Structures are given as C-alpha cells and as structure tokens.
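As you go down the protein sequences, you meet chains A and B in turn. Those letters in the first sequence? Residues 857 to 1147, per the numbering used here, in order. Those letters in the second sequence? Residues 857 to 1147, per the numbering used here, in order.
Protein chains: 2
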Amino acid sequence: MKELRQITVIGLGLLGGSITRSVCQSFPSVKTVGYSHRPSTRRKARQLAVANRIAETITESVAEADIVFVATPIYTFEKTFKQIAPHLPAGCIVTDVGSTKVLPHYWAEKYLPNTAYYVGSHPIAGSEQRGVEFARDDLFDRAYCILTKTKRTNAAALRTLKEFWIRLGCMVKIMQPDIHDEILANISHLPHVTAAALVNLQNNDELKLAGKGFVDTSRIASGPANIWTDTLLANRKKVAGGIDKIIAELKKLQRVIEKGDRGELERLLEAARAKRNAMINYKMKKRELIQ
Amino acid sequence: MKELRQITVIGLGLLGGSITRSVCQSFPSVKTVGYSHRPSTRRKARQLAVANRIAETITESVAEADIVFVATPIYTFEKTFKQIAPHLPAGCIVTDVGSTKVLPHYWAEKYLPNTAYYVGSHPIAGSEQRGVEFARDDLFDRAYCILTKTKRTNAAALRTLKEFWIRLGCMVKIMQPDIHDEILANISHLPHVTAAALVNLQNNDELKLAGKGFVDTSRIASGPANIWTDTLLANRKKVAGGIDKIIAELKKLQRVIEKGDRGELERLLEAARAKRNAMINYKMKKRELIQ
C-alpha cells in the first residue's frame, strides 16, 4: 500500500465526518484534513474535532493530499472536480462516496488531470441522519464498500483504495460503474422511492396509529431530500426501470388478492419471507448484522 | 370495571402468549388460561409458563372465562366462534386480536350467543417474529389498541375491555370496524404488500450488498406468510385500493425522475420526509417511541 501521509475530505456531513473520524482511529499517523463550503459546518467540525485540520479553502485542503474524498451531493462533483483539478499533487488518488457511479466517472475523466487517479467508492453505510454531528468512527465497520473501475483505472490506485477501505472495516467489492448503478437502483434507490411513495399517500391523523412496522418501512424516507434528489436524478433511467419492476410486482399481488387466490398469495408472501431471511442470515454470518 | 377472575387466550403465538404474560404482570389476581390446537404449542407454553393453566380442549378453556381473546389467524375465527359458542358463560366478553375487523364482527354476530358480548380489539403491536417463545409481558406497553364497535356492541363490555387494554399499557382508540379496516389497509396492510413486492423483485446475489436501509424497509416481509395471507384476504377490497394509491404515487415520482424535474422531485421527497418526521415526533412525545 502506498504510504499515506494525508487524506482530505471535501464535504463534512455524516459520511465525510465519519471518514475523518475513522481514519483518526485506524490510521493514527495519517493527517486528516476536512473542508466544507459552509463556514458554519467548518466551525462545527472544528468544535467537534472531526479532523486534524479544517481548511478554510478547498484549494489548500487538497494541496498535500494523498487521497481526496469528495463527500458532497453528486451534482456538486462536477464543479468540485473542476475546482480541485489544478491543485492536486501528482499521484494523488481522488474518490467520492456518492451513491451512483456512472456520472462521477464521467466527470472525473472530463475534469481531473492525468496525474491524478480517480476510483469510485460507495460505502454502503449511513442512516437517515445528516450532519457532521452524527459522524462516527465505526460507521464503516462491517459495511460493504463498492469500488468502481473502468478500463482507464490505475491498478495501483485501486489497490491502495481497496486496502484503505478494508482497514476502515469494510468488505470491498469491485465492479464497473454501470453495473453498480443497476444494482443500487434495485437495492437502494428504488426502496427510497417506494418509502417516499408509501408515506406520501398517507393521511397525517391515520399515521398516528401506525405501528413499528410502518416506522421501519418508512425510515429511509426521512433521509435528506437534496441528497436523494441528486442520487435519483443521477441514476434516472435505472430508477425509472426499477419503478416499473415494483409496479409489476404490486399488480401481481393485487390480482391474487382481488381474486382471493389464497394459495398463490401465500406463495408470493412466503417467497419474500424466505428471500429476506436468506439475506439476513447471510449478513449475520458475515457479522454485518448482529442479532 | 367488571371484576375479572379469569381470562382465556385461544391461540398461543407471539400476541396470544404476550396477552397471558402481560395479564400475569398487570392483573396478578386474574387467572390466565391458554389454549392452542397444536399439542406441541401447548407443551411449549407449559414449559415456558406463559399462562397459569394450558387447557387441553378449547371447550374447557372458555368454560369459566370472563374475557376470551381469540389470537389465531383471522380465517380460523369462524370455526372458533362456532366451537366456543355453546360453552361461553353468560356475560362473557369475546374479543380477538386480528388485524382486520369487519369479518370478525360479521362472524361474531352470526355465531356467538346473545349472552356473550363481542368487541373487536386490534393491538398494534408485534414484530416479524412468531411463536410463543417470543411472547413478552411488555409487548403492549405504549402501543395503540383499536377497539371496534357497532350499533349492537354492549357499552359495558366495551368499557371493560377498554380499561383492560389501558391497564396493559395501551393507548385505546374506538371506531367502527370498516373505518378500522380502511386505516389499517393504508398504514399496515399496504406496507406489507409493498415490502413483499420490493423483496420479490430482487436478485439474491445483489441482496448481499443491501445496506441497513433495505434491511429495515423490508423487515415486515419476514412476517409469517399464513397470518398475512389471512389479513390481506380479509381486507381485500381496501388493500387492492391501497395498491392503486401507491402505484399512482410511484408513477408520479417516476414521471418527475424521468423528466429530470429537480424542483418537483425534491418537493415530493421533502413532503415525505416532513410527514414521516411529524409522525416520529408525535410518537416520541407520546413516548410510544424512544430515541
């Protein structure tokens, strides 16, 4: 692994702040530098000491970085890559923690210099909370982190970044950006859209009676609207395709319910139960989930 | 409140066993009798001592009951009401804990004698777990319990049952059975159908990468398929109507995502976020949820 002296995180929210906190924990000799374009966030980050240094400008934040993590909403990456491009040290690795990967690769290729190496990262961690005050040094522990590469990806940079995330506690998978976006449309973006749809059709008074099932089913709908707007728009084709898929499944269930087809309805519910339980068992075996 | 000497629970699963356990806790002088048609469940219930007595026949289980709770899948109520009808003591209150209420009222009126008083109960508590081994004496603590009544409901029986559930820790709401079924279609039955649809469209390998958001969103899909088949079929018209509503919401989101309408997408996601957060704040104020 390349010797790391400094990592820089641009964007100090739940994910960004958790990266600096985790690095302080797992790489005590590595200097952590953070930057946020909001003065109030920089102030809060300093008070909370989430990084060794909070830079006042984006330029100085990256000047001596070995790895730069962009942890802002996806549609800000274009501008951020343009801003940092002239200031990246040669050999610097640039990555991001965005929930879609095709667009970040596209912008990286368009704006970053050849002397910097871009690899996409997507740590599948987080919560419906937002803000640096929720940053934790164990957020990535036992979470999957998907790294994305194309034909142009530098192999050594990919290796360094893989070792980095493993040391932060992640299980790493490497894939092409478009495969990533297809999978995430199904397992993350579509669930978010569905949770929002499920909440939006409800009536406030009736919701008071909702049980823990509804509370859990809808939890992700409490996630930040601006971040999710970016994510869904950055993966619009695949998310729209996912919506077609869930509508087809809902109509299948609706038909058997209306027909009163007990056998087929129980079969469909049992299939879901078995599939979800297999997932939970897998995650418990991997100690990603603890009973 | 009518003086209680004995309560009987027919059906010893998570809910049934939690009723007897809670009564042992909150009404130490009341005798609890349990019955299950499965010998293995009766044996387990005795080993776990979930009730003072586990009866060997349904007939003797109700013979001296002041309140009978039917806690079996909804479509078994018809047979159960027929079986217990000739053996109910005069003045006995009969209720159930089913997730729909129109059908139970219909069967109660058809099969129960005039000397017994039926009131519908629906404690909105439970989990994806099933079986008497998960029964807890605090399952109903701070949960809503909806009681359903019609023009024929005995006012004193309703009052007794209301006080009973309040003493078990519930917040009680009283409404007509068809209003109950409409509300529950939206806040409980539709979320279950949606979770099942969301799981069924997934691919097992991709699910390994799913994060905590998906785990929570899909939790209720791990609920027992037979119980949910009964619930959905017992409320089929309203559930089918709910599916139409969520499909309409999903299509609205799909349109703005495909159009790339950032403003409208963010407005829809923010509406969901605000509505869910209002629900969570309400539930925290009521101490139904604890941060």
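C-beta: ideal position from N, C-alpha, C; glycine also. Only a predicted model underlies this, so the values are computations on that prediction, with no experimental measurement involved.
Contact defined as beta carbons within less than 8 Å: I believe residue i pairs with residue j. What is the distance between those atoms, to the nearest angstrom?
i: Gly-873 of chain B; j: Ala-991 of chain B; result: 3 Å
i: Leu-1145 of chain B; j: Val-1055 of chain A; result: Not really, about 16 Å apart at Cβ, beyond 8 Å.
i: Leu-904 of chain B; j: Val-988 of chain B; result: 6 Å
i: Ser-983 of chain A; j: Arg-1132 of chain B; result: Going by Cβ atoms, the distance from Ser-983 of chain A to Arg-1132 of chain B rounds to 14 Å, so no, they are not a contact pair.
i: Gln-862 of chain B; j: Glu-916 of chain B; result: Not a contact, Cβ separation roughly 12 Å.
i: Gly-890 of chain A; j: Arg-986 of chain A; result: Not really, about 16 Å apart at Cβ, beyond 8 Å.
i: Ala-1077 of chain B; j: Ala-1128 of chain A; result: 4 Å
i: Arg-998 of chain B; j: Arg-1111 of chain B; result: Contact doesn't hold; Cβ gap of about 40 Å is too wide.
i: Asn-1091 of chain B; j: Asp-1037 of chain B; result: 5 Å
i: Gly-947 of chain A; j: Pro-960 of chain A; result: So it is not a contact: roughly 20 Å between Cβ atoms.
i: Ile-1204 of chain B; j: Asp-1086 of chain B; result: As shown, chain B starts at 857 and ends at 1147. That puts residue 1204 of chain B outside it, with no answer to give.
i: Leu-1106 of chain A; j: Val-1049 of chain B; result: 7 Å
i: Leu-1024 of chain A; j: Phe-996 of chain A; result: 5 Å
i: Gly-1069 of chain A; j: Ala-981 of chain B; result: Not confirmed; about 10 Å, so no contact.
So if DSSP puts residue i in a beta bridge, which residue, or which two residues, is it bridged to?
i: Phe-990 of chain B; result: BP columns for Phe-990 of chain B are empty, so no partner.
i: Cys-1001 of chain A; result: A:Pro-979 and A:Val-1028
i: Gly-890 of chain B; result: B:Val-865 and B:Ile-910
i: Thr-951 of chain B; result: B:Phe-925
i: Tyr-973 of chain B; result: B:Ile-949
Between which two residues does the alpha helix (DSSP H) containing residue i stretch?
i: Ser-977 of chain B; result: No alpha helix (DSSP H) holds Ser-977 of chain B; the beta strand (DSSP E) holding it covers 976 to 979.
i: Val-1049 of chain A; result: 1046 to 1056
i: Thr-915 of chain A; result: 914 to 918
i: Asp-1117 of chain B; result: Segment: none, Asp-1117 of chain B is in no alpha helix (DSSP H) and carries neither H nor E.
i: Ser-896 of chain A; result: 895 to 904
i: Thr-1073 of chain A; result: 1068 to 1073
i: Arg-1015 of chain B; result: 1011 to 1023
i: Ile-930 of chain A; result: Looking at the DSSP string, Ile-930 of chain A is not in any alpha helix (DSSP H), and its letter there is neither H nor E.
i: Asn-1060 of chain B; result: 1060 to 1063
i: Gly-873 of chain A; result: 870 to 882
i: Ala-1090 of chain A; result: 1081 to 1090
i: Lys-966 of chain B; result: 958 to 967
i: Ile-1076 of chain A; result: Neither: Ile-1076 of chain A is in no alpha helix (DSSP H) and is coded neither H nor E.
i: Leu-1040 of chain B; result: 1033 to 1040
What does residue i touch in chain A if you count any residue whose Cβ is under 7 Å from its own?
i: Pro-1047 of chain B; result: Leu-1054, Gly-1069, Phe-1070 and Thr-1073
i: Ala-1066 of chain B; result: Ile-1043 and Met-1135
i: Val-1095 of chain B; result: Ile-1113
i: Trp-1084 of chain B; result: Leu-1125
i: Lys-1101 of chain B; result: Leu-1057
i: Tyr-1138 of chain B; result: Lys-1064
i: Ile-875 of chain B; result: Within chain A, no residue comes near Ile-875 of chain B; the closest Cβ sits about 17 Å away, beyond 7 Å.
i: Ala-1081 of chain B; result: Glu-1122, Leu-1125, Glu-1126 and Arg-1129
i: Ala-972 of chain B; result: Going along chain A, no residue has its Cβ under 7 Å from Ala-972 of chain B, so there is no contact; the nearest lies around 28 Å.
i: Leu-944 of chain B; result: Chain A residues near Leu-944 of chain B: none, gap ~29 Å exceeds 7 Å.
Cβ closer than 9 Å: which chain A residues qualify as neighbours of residue i?
i: Glu-989 of chain B; result: Under the 9 Å cutoff, chain A gives no residues; its nearest Cβ is about 14 Å from Glu-989 of chain B.
i: Ala-981 of chain B; result: Gly-1067 and Lys-1068
Strictly below 8 Å CB to CB, what residues from chain B border residue i?
i: Leu-1089 of chain A; result: Ile-1113, Gly-1116, Arg-1118 and Leu-1121
i: Gln-1032 of chain A; result: Correct list: empty, because the minimum Cβ distance to chain B is about 14 Å.
i: Lys-1029 of chain A; result: Leu-1065
i: Leu-847 of chain A; result: The question about residue 847 of chain A has no answer here: the residues shown for chain A are numbered 857 through 1147.
i: Thr-1009 of chain A; result: Neighbours of Thr-1009 of chain A on chain B: none; closest Cβ ~20 Å, over 8 Å.
At a CB-CB cut-off below 7 Å, which residues of chain B make contact with residue i?
i: Glu-1062 of chain A; result: Ile-1039, Asn-1042 and Ile-1043
i: Ala-1077 of chain A; result: Ala-1128, Arg-1129 and Arg-1132
i: Ala-927 of chain A; result: Result: empty, since nearest Cβ-Cβ is about 16 Å, beyond 7 Å.
i: Arg-1092 of chain A; result: Ile-1113, Glu-1114 and Gly-1116
i: Gln-985 of chain A; result: Chain B residues near Gln-985 of chain A: none, gap ~11 Å exceeds 7 Å.
i: Thr-956 of chain A; result: Within 7 Å Cβ-Cβ: nothing; Thr-956 of chain A doesn't reach chain B, min ~13 Å.
i: Glu-1105 of chain A; result: Ala-1053, Asn-1056 and Leu-1057
When you measure from the CB of residue i to every non-hydrogen atom of the ligand ATP, does any distance come out below 7 Å?
i: Gly-869 of chain B; result: Among the ligands in the structure shown, none appear at all, so the ligand ATP cannot be discussed.
Going along chain B in order, which residues have a C-beta closer than 9 Å to the C-beta of residue i?
i: Leu-1145 of chain A; result: Lys-1068 and Val-1071
i: Tyr-962 of chain A; result: The contacting residues do not exist; Tyr-962 of chain A stays about 16 Å from chain B at best.
i: Ile-930 of chain A; result: Correct list: empty, because the minimum Cβ distance to chain B is about 12 Å.
i: Tyr-1000 of chain A; result: Lys-1064, Leu-1065, Ala-1066 and Gly-1067
Starting from the beta carbon of residue i, find every residue of chain A whose beta carbon is closer than 8 Å, and list them in chain order.
i: Ile-949 of chain B; result: What Ile-949 of chain B touches in chain A: nothing, since even the nearest Cβ is about 23 Å away.
The stretch 958 to 968 of chain B touching the stretch 890 to 899 of chain B, judged by at least three CB pairs closer than 8 Å: no
How do the stretch 1041 to 1060 of chain B and the stretch 1020 to 1033 of chain B stand: do at least 3 beta-carbon pairs fall below 8 Å, yes or no? no
Taking contact to mean at least 3 C-beta pairs separated by less than 8 Å, is the stretch 947 to 954 of chain B in contact with the stretch 919 to 939 of chain B? yes
Assess contact between the stretch 1002 to 1015 of chain B and the stretch 879 to 886 of chain B, defined as three or more Cβ pairs (one per stretch) separated by less than 8 Å. Is contact present? no
Mind the definition here: the stretch 1089 to 1098 of chain A touches the stretch 1006 to 1020 of chain B only if three or more C-beta pairs lie below 8 Å; say whether that holds. no
Cβ pair count under 8 Å reaching 3, the stretch 1114 to 1122 of chain B against the stretch 1116 to 1125 of chain A: no
The stretch 1033 to 1048 of chain A touching the stretch 1036 to 1044 of chain B, judged by at least three CB pairs closer than 8 Å: Under the 8 Å Cβ criterion, the stretch 1033 to 1048 of chain A does not count as touching the stretch 1036 to 1044 of chain B, having fewer than three qualifying pairs.
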